[in-house]
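Enquirer: Respectively, the protein sequence lines represent chains A and B. Basically my numbering = 1-based index in the first sequence + 10. Basically my numbering = 1-based index in the second sequence + 83. I'd like to ask you about the structure that follows.
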Amino acid sequence: MGAQMIEMQDVRKSFGSNHVLRGIDLDIAKGESMVIIGGSGTGKSVLLKCILGLVQPDSGKILVDGRDATRGDHDAFLARFGMLFQGGALFDSLAVWQNVAFRLLRGSLKRPKAEAREIAIEKLRRVGLKSEVADLFPAELSGGMQKRVGLARAIAAEPEIIFFDEPTTGLDPIMSGVINELIREIVVEMGATAMTITHDMSSVRAIADKVAMLHDGVIQWTGPVADMDASGDPYLDQFIHGRAEGPIESVR
Amino acid sequence: MTAADILTLIPAAVGRSTLAFCRIIGSVAIFALSTLSHLLRPPFYPKEFLHALLHIGYFSLPVVGMTALFTGGALALQIYSGGSRFNAESVVPSIVAIGMVRELGPVLGGLMVAGRVAASIAAEIGTMKVTEQIDALTTLSTHPMKYLTVPRVLAATLAMPVLAAIGDVIGIMGGYLVGVTRLDFNSAAYIKNTYDFLEVADVTSGLWKAAAFGFIVALMGCYHGMRSGRGAQGVGKATTNAVVSASVMILASNYVLTEVFF
Ligand SMILES: Nc1ncnc2c1ncn2[C@@H]1O[C@H](COP(=O)(O)OP(=O)(O)OP(=O)(O)O)[C@@H](O)[C@H]1O
Ligand SMILES: [Mg+2]
Chain A
11 MGAQMIEMQD VRKSFGSNHV LRGIDLDIAK GESMVIIGGS GTGKSVLLKC ILGLVQPDSG
71 KILVDGRDAT RGDHDAFLAR FGMLFQGGAL FDSLAVWQNV AFRLLRGSLK RPKAEAREIA
131 IEKLRRVGLK SEVADLFPAE LSGGMQKRVG LARAIAAEPE IIFFDEPTTG LDPIMSGVIN
191 ELIREIVVEM GATAMTITHD MSSVRAIADK VAMLHDGVIQ WTGPVADMDA SGDPYLDQFI
251 HGRAEGPIES VR
Chain B
84 MTAADILTLI PAAVGRSTLA FCRIIGSVAI FALSTLSHLL RPPFYPKEFL HALLHIGYFS
144 LPVVGMTALF TGGALALQIY SGGSRFNAES VVPSIVAIGM VRELGPVLGG LMVAGRVAAS
204 IAAEIGTMKV TEQIDALTTL STHPMKYLTV PRVLAATLAM PVLAAIGDVI GIMGGYLVGV
264 TRLDFNSAAY IKNTYDFLEV ADVTSGLWKA AAFGFIVALM GCYHGMRSGR GAQGVGKATT
324 NAVVSASVMI LASNYVLTEV FF
């Protein structure tokens, strides 16, 4: 294993009396694909947003590539990241291709419009969307198509670290397979570090090098995906087998 | 509850709302300063600015024009009715002009634009906030203040004086139409009277006011949009707050600015 890309030490975050993160310790190595699983509303999305600085943690330390994530040049910091939001978060005032090429049309990565458009169409093709989609607006797409445009936008500038918040939710099984393969490809070929949130256990097995399970505001279990079935952890067992009975209450 | 408790109830409530008010003033002031500081530092987004200029300026023309036209006409009738009591009907053209240019053009124009623009800015930015588009902007290394707030505030500040100037002209024309058709003024005399008594300072003071109102409108739209609560309800509340606060601030600052230019 190489050096750590992301290190989280005792990260805590509350919204009022809702203590979402209660001391997260998690390390992700360079070029590794980490999958976060856990019940709905346990704070998986908040965890990713804490690393990106979109949500300020109340306490704890987050290091990215050995440097404190909250200090230094935030723009340069974010330029290393790509993020797929759970809801897509496409800019509805911009056409699909302009969404995908957003980073390539302005700022430090700016390039000619025609070239940016070509890259956008290429990325759209990789997420299984035809080039006709490029000139539509996000509101004209189905939910699953919007998700894939969001995915194309996240990978457009070929970032070193990519976060995917539920990349396959709302997609048909075939498209899910395509996206799983794509994420795997990005990690293996581009050497990117990926952090993926998913509820889909077949995605977990397809994407993950390592798995971490979030429960009650802490990392309940973490380890290589191969050890997942024989972990002996009752929480993890209940979760991956989707049983209603077990230590995790079904009313949350 | 003792008598002393009941006695402190009222000052406590007054204190609480005073503190809340101070907190809002403070955070609006910080938001305004941050907008100005981002205005001066690159990167700039000229395309966003032009887009905002079109939506805030050009598309507000019909509303501002109609408002001015009818206000000018009504003003002529009112001043005629007031003036005739002192046998001073001849002041109608000059008072219509001065009233429009110094006060009604910028204030009514500002209020109309507040209803139109502050609401649409707050709704748009609020929706972007709720659907995580603002977070997405940040992760794409684009500062939401620079990309969303600065272009809108700058466009409104520059467009509002132009809108007010157009409103002034249309308002005076409204007065002229009513004066000539309904009040039997001589057309040439009306125009000459308007022209003779109007001073440059009347016009410029009104335009400065308009610029300030434009700044207020866009600032309040952005401020409430950026702080919008979650969900559709949050956006609705942000929109209402933007229009109400922009309108109140326009009227309050109008008084202050009138004192300054007086
Ligand atoms: N901006 C916010 N303000 C207040 N509470 C928030 C905010 N963002 C998240 N929360 C709360 O934090 C908790 C965790 O939310 P989060 O979105 O991280 O869940 P999640 O694990 O991603 O769930 P899901 O799998 O359903 O997406 C929830 O209880 C939510 O209400
Ligand atoms: Mg989530």
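Where a beta carbon is used, it is the ideal one built from N, C-alpha and C, also for glycine. If you're wondering where the values come from, they're calculated on a predicted model, not measured in any experiment.
Is any heavy atom of ligand 2 found at a distance shorter than 6 Å from the C-beta of S143(B)?
Expert: Sequence index remark: in the second sequence, residue 143(B) carries index 60 (1-based). False, no ligand heavy atom lies under 6 Å from that Cβ.
Enquirer: Enumerate in chain order the residues of its own chain whose CB-to-CB distance from Y141(B) is below 6 Å, with the five nearest sequence positions on each side excluded.
Expert: Reading the second sequence from its first residue, position 58 is the one you call residue 141(B). Same-chain partners within the cutoff: there are none.
Enquirer: For the candidate residues S43(A), H29(A), D20(A), whose alpha-carbon lies nearest to that of A216(A)?
Expert: Here the question's residue 216(A) lines up with position 206 in the first sequence. Here the closest residue by C-alpha is S43(A).
Enquirer: Roughly how many whole angstroms lie between the Cα atoms of M309(B) and V200(B)?
Expert: Position 226 of the second sequence, counted from the start, is the residue given in the question as residue 309(B). Position 117 of the second sequence, counted from the start, is the residue given in the question as residue 200(B). Near 15 Å, if we compare the C-alpha coordinates of V200(B) and M309(B).
Enquirer: Under 8 Å: do the stretch 220-230 of chain B and the stretch 320-334 of chain B share three or more Cβ pairs, one atom per stretch?
Expert: Because the criterion of three Cβ pairs below 8 Å is not met, the stretch 220-230 of chain B and the stretch 320-334 of chain B do not touch.
Enquirer: Got a sec, what are the start and stop residues for the beta strand (DSSP E) T154(B) sits in?
Expert: As a working note, residue 154(B) is residue 71 in the second sequence. Per DSSP, T154(B) belongs to no beta strand (DSSP E); it is in the alpha helix (DSSP H), 144-166.
Enquirer: Using Cβ-Cβ distances below 8 Å, what residues of the stretch 123-139 of chain B are close to chain A?
Expert: Residues passing the 8 Å Cβ filter: P126, Y128.
Enquirer: Run through chain B and tell me which residues come within less than 8 Å of F25(A), C-beta to C-beta.
Expert: Residue numbering aside, residue 25(A) sits at position 15 when the first sequence is read from its first letter. Chain B residues near F25(A): none, gap ~11 Å exceeds 8 Å.
Enquirer: Along the chain, where does the alpha helix (DSSP H) that runs through L302(B) open and close?
Expert: Numbered from 1 along the second sequence, position 219 holds the residue referred to as residue 302(B). Residues 283-309.
Enquirer: Whole angstroms is fine: what's the gap from V339(B)'s alpha carbon to V196(B)'s?
Expert: Reading the second sequence from its first residue, position 256 is the one you call residue 339(B). Reading the second sequence from its first residue, position 113 is the one you call residue 196(B). Between V339(B) and V196(B), the C-alpha separation is close to 20 Å.
Enquirer: Listing by chain order, which chain B residues have their CB less than 7 Å from the CB of D85(A)?
Expert: Here residue 85(A) is taken as the residue at index 75 of the first sequence, counted from 1. Residues of chain B passing the Cβ test: S224.
Enquirer: N276(B) lies in the alpha helix (DSSP H); which residues open and close that run?
Expert: Mapped onto the second sequence, residue 276(B) falls at position 193. Note, N276(B): alpha helix (DSSP H), 270-280.
Enquirer: Check E168(A) in the structure and name its three-state DSSP category.
Expert: For the purposes of this step, residue 168(A) is taken as residue 158 along the first sequence, with counting starting at 1. E168(A): coil per DSSP, three-state reduction.
Enquirer: How far does the beta strand (DSSP E) with N28(A) in it extend, from its first residue to its last?
Expert: Along the first sequence, read from residue 1 onward, the residue named residue 28(A) stands at position 18. First-last of the beta strand (DSSP E) with N28(A): 28-39.
Enquirer: G117(A) versus chain B: which residues are under 9 Å apart at the beta carbon?
Expert: Numbered from 1 along the first sequence, position 107 holds the residue referred to as residue 117(A). Simply P126, L223, S224, T225.
Enquirer: Name the chain B residues that come within less than 8 Å of L64(A), Cβ to Cβ?
Expert: The residue given as residue 64(A) occupies position 54 in the first sequence. Those within 8 Å of L64(A) in chain B are D218, T221, T222.
Enquirer: Can you tell me whether V343(B) is buried or exposed? The criterion is at least 16 other CB atoms within 10 Å of its CB, across all chains shown.
Expert: Translated into the one-based positions of the second sequence, residue 343(B) becomes position 260. Result: exposed.
Enquirer: Using a cut-off of 7 Å between C-beta atoms, extract the partners of T214(B) located in chain A.
Expert: Here the question's residue 214(B) lines up with position 131 in the second sequence. G97, A99, listed in chain order.
Enquirer: Any residues in the stretch 189-200 of chain A with a beta carbon nearer than 8 Å to a beta carbon of chain B? Which ones, in chain order?
Expert: Within the stretch 189-200 of chain A, no residue has a Cβ that lies closer than 8 Å to any Cβ of chain B.
Enquirer: Hey, out of Q96(A), D75(A), D85(A), whose CA is closest to L57(A)'s CA?
Expert: Residue numbering aside, residue 57(A) sits at position 47 when the first sequence is read from its first letter. Among Q96(A), D75(A), D85(A), the Cα nearest to that of L57(A) is on Q96(A).
Enquirer: Rounded to whole angstroms, what's the CA-CA distance from N324(B) to L194(B)? Just pull it up for me.
Expert: Sequence index remark: in the second sequence, residue 324(B) carries index 241 (1-based). Sequence index remark: in the second sequence, residue 194(B) carries index 111 (1-based). Cα to Cα, the separation comes out at about 14 Å.
Enquirer: Please confirm whether any heavy atom of ligand 2 lies closer than 6 Å to the CB of K54(A).
Expert: Numbered from its first residue, the first sequence carries residue 54(A) at position 44. Yes; taking the cut-off as 6 Å, the Cβ of K54(A) has a heavy atom of ligand 2 nearer than that.
Enquirer: Output yes if chain B places a C-beta closer than 7 Å to the C-beta of L104(A); else output no.
Expert: Residue mapping note: residue 104(A) aligns to position 94 of the first sequence, counting from 1. It does not: the Cβ of L104(A) has no partner Cβ on chain B nearer than 7 Å.
Enquirer: Using a threshold of 6 Å, is the CB atom of G153(A) nearer than that to any non-hydrogen atom of ligand 1?
Expert: Position 143 of the first sequence holds residue 153(A). No, the Cβ of G153(A) stays beyond 6 Å of every heavy atom of ligand 1.
Enquirer: Answer yes if the stretch 200-214 of chain B comes into contact with the stretch 312-321 of chain B, meaning at least three C-beta pairs across the two stretches below 8 Å, and no otherwise.
Expert: At 8 Å Cβ cutoff, the stretches touch.
Enquirer: Assuming contact is defined by CB atoms lying nearer than 7 Å, are G156(B) and G192(B) in contact in what I supplied?
Expert: Translated into positions along the second sequence, residue 156(B) becomes position 73. Translated into positions along the second sequence, residue 192(B) becomes position 109. Going by C-beta atoms, G156(B) is not nearer than 7 Å to G192(B).
Enquirer: If I measure Cβ to Cβ from I255(B) and keep anything under 8 Å in the same chain, skipping five residues before and after, which residues do I get?
Expert: As a first step, residue 255(B) is located in the second sequence; it is residue number 172 there, counting from the start. For I255(B), where only same-chain residues beyond five positions count, the Cβ hits under 8 Å are G155, V179, A180, M183, V184, T277.
Enquirer: Let me confirm a value: N269(B) is counted as buried when at least 16 other C-beta atoms fall within 10 Å, else exposed. Which label applies?
Expert: Here residue 269(B) refers to the residue found at position 186 of the second sequence. So N269(B) ends up on the exposed side.
Enquirer: Please report whether the beta-carbon of M93(A) lies at a distance below 7 Å from any beta-carbon of chain B.
Expert: As a first step, residue 93(A) is located in the first sequence; it is residue number 83 there, counting from the start. Chain B contact via Cβ: present.
Enquirer: Rounded to whole angstroms, what is the Cα-Cα separation between M11(A) and A166(A)?
Expert: For the purposes of this step, residue 11(A) is identified with residue 1 of the first sequence, where counting begins at 1. For the purposes of this step, residue 166(A) is identified with residue 156 of the first sequence, where counting begins at 1. Residue placement at M11(A) is poorly supported in this model, since its pLDDT is 47, which falls under 50; the coordinates still yield a value, given next. Roughly 27 Å separates the two Cα atoms.
Enquirer: Under 8 Å Cβ-Cβ, which residues of chain B neighbour L88(A)?
Expert: Position 78 of the first sequence, counted from the first residue, corresponds to residue 88(A). Those are T221, T222, L223, S224, listed as they occur along chain B.
Enquirer: Which residues in chain B have a C-beta closer than 9 Å to the C-beta of F112(A)? List them in chain order.
Expert: By 1-based counting over the first sequence, the position of residue 112(A) is 102. Simply A219, L220, L223, T225.
Enquirer: Check whether the Cβ of S186(A) lies closer than 6 Å to any heavy atom of ligand 1, and answer yes or no.
Expert: On the first sequence, residue 186(A) is found 176 positions in, with the first residue counted as 1. No, the Cβ of S186(A) stays beyond 6 Å of every heavy atom of ligand 1.
Enquirer: Pull up the distance between the alpha-carbon of P257(A) and that of G33(A), whole angstroms please.
Expert: Mapped onto the first sequence, residue 257(A) falls at position 247. Mapped onto the first sequence, residue 33(A) falls at position 23. One C-alpha to the other measures close to 20 Å.
Enquirer: Enumerate in chain order the residues of its own chain whose CB-to-CB distance from A126(A) is below 7 Å, with the five nearest sequence positions on each side excluded.
Expert: Taking the first residue of the first sequence as 1, we reach residue 126(A) at position 116. For A126(A), where only same-chain residues beyond five positions count, the Cβ hits under 7 Å are A111, L114, L115.
Enquirer: What do you get for C105(B), buried or exposed, if any count of 16 or more other CB atoms within 10 angstroms of its CB means buried?
Expert: In the second sequence, counting from the first residue as 1, residue 105(B) sits at position 22. Exposed: under 16 other Cβ atoms inside 10 Å.
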